[in-house]
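> Below is the structure I would like to discuss, written out as structure tokens.
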Amino acid sequence: MSKSFLGRARLGLFVIREISKKKNKLKEQIRISSNSDFLFESDIIKSVFNFYLKTYPEPKFLEIFKILISDLEKNDFISDSSVSKKFEALYDFNETQYNLLSKINLLTHTLNCLIYSMLHQDKNTPSNIREEITILALAHDFGKNSKIKNIYAKNKHLSHNEISANYLKTICLKTEIEDEITKRMFLTLQNHHNKDNQNNSFFIIELNKIDRSVREQELFRIEKNIADERIK
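The sequence shown begins at 1 in UniProt numbering and counts up one residue at a time.
Below, the structure written as structure tokens:
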């Protein structure tokens with residue numbers, strides 16, 4: 001993995017820095033083990049993989065996670081924007097804020113959501129439910145990736161959340177995950193941008209909490225960087 005990959009990916013990873021603060025130093029808490037050496041090239045991806053194992057010591061979705069994180073690394077997410085080119089409703093952000101968020105690449109936003117989901121979920125929630133939400137946080141924007149879009153969009157009119165749902169369903173069917181869970185995850189990703197909030201499931205609500213919180217932090221960092229540049 002090139003140095004530019006690492007440098008560009010680190011640029012917006014505020015959550016990686018948050019791990020460092022909360023868990024002492026990242027290198028001390030997230031070991032690069034031989035278990036992940038054969039899977040990943042990037043130190044960031046290795047670190048995130050090991051943090052996942054540390055967060056969920058008895059993972060139910062390990063095989064799915066391995067496939068997702070591997071696809072995240074090899075499909076050039078860093079070259080795609082984390083928002084669509086055309087302005088669309090995204091929580092309560094206005095068009096100016098939306099355009100600022102377009103500066104965050106898809107790799108950065110996806111990793112931010114993934115790590116945030118492991119740090120900030122309610123620890124009273126059963127581990128298997130928290131882990132399922134982590135999988136959803138990782139996969140929810142895969143449909144914005146150019147390569148995945150070309151494979152999993154059955155027609156050009158599918159939204160990114162529908163493509164993400166098709167992608168994750170395909171991955172689930174390769175594993176031994178129960179049909180009920182596969183269906184639930186598919187419907188969560190397919191419908192997580194529905195405007196009818198009253199009928200949102202627990203999983204959609206939790207996924208959107210993560211996505212919104214991360215977006216607010218990303219926007220804060222961008223606006224702070226702009227303000228700092230003006231002061232110079």
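Just so it is clear, CB atoms sit at the ideal spot from N, CA and C, and this is done for glycine as well. These numbers were taken from a predicted model, which means no experiment stands behind them.
(1) Assuming the contact rule is C-beta atoms closer than 8 angstroms, Tyr-152 and Ile-163 should be a hit. Round their C-beta distance to whole Å, please.
(2) Apart from the five residues on each side of it in sequence, which residues of its chain come closer than 7 angstroms, Cβ to Cβ, to Lys-60?
(3) Please report the distance separating the alpha-carbon of Glu-95 from that of Phe-220.
(4) Have a look at the DSSP bridge pairing and note the partners of Ser-42.
(5) Cutting at 6 angstroms between CB atoms, please list the residues of its own chain near Val-214, excluding the five before and the five after it.
(6) Which value, in whole angstroms, describes the spacing of the CA atoms of Ile-171 and Glu-63?
(7) Which term fits Asn-99, buried or exposed, when burial requires 16 or more other beta carbons within 10 angstroms of its beta carbon?
(8) Which residues does DSSP list as the beta-bridge partners of Ser-159?
(9) Looking at Asp-76 and the ligand SAH, is the gap between the Cβ and the nearest heavy atom below 7 angstroms?
(10) Could you check what DSSP says for Phe-142 in three-state terms: helix, strand or coil?
(11) Please identify the residue among Phe-65, Asn-50, Ile-44 whose C-alpha is closest to the C-alpha of Thr-175.
(12) Rounding to the nearest angstrom, what Cα-Cα distance links Leu-168 and Ser-102 in this structure?
Put simply:
(1) 5 angstroms
(2) Asn-128, Glu-131
(3) 15 angstroms
(4) DSSP lists no partner for Ser-42.
(5) Asn-112, Cys-113, Tyr-116
(6) 9 angstroms
(7) exposed
(8) For Ser-159, which the question treats as bridged, DSSP gives no partner whatsoever.
(9) The ligand SAH is absent from the structure shown, which contains no ligands of any kind.
(10) helix
(11) Phe-65
(12) 24 angstroms
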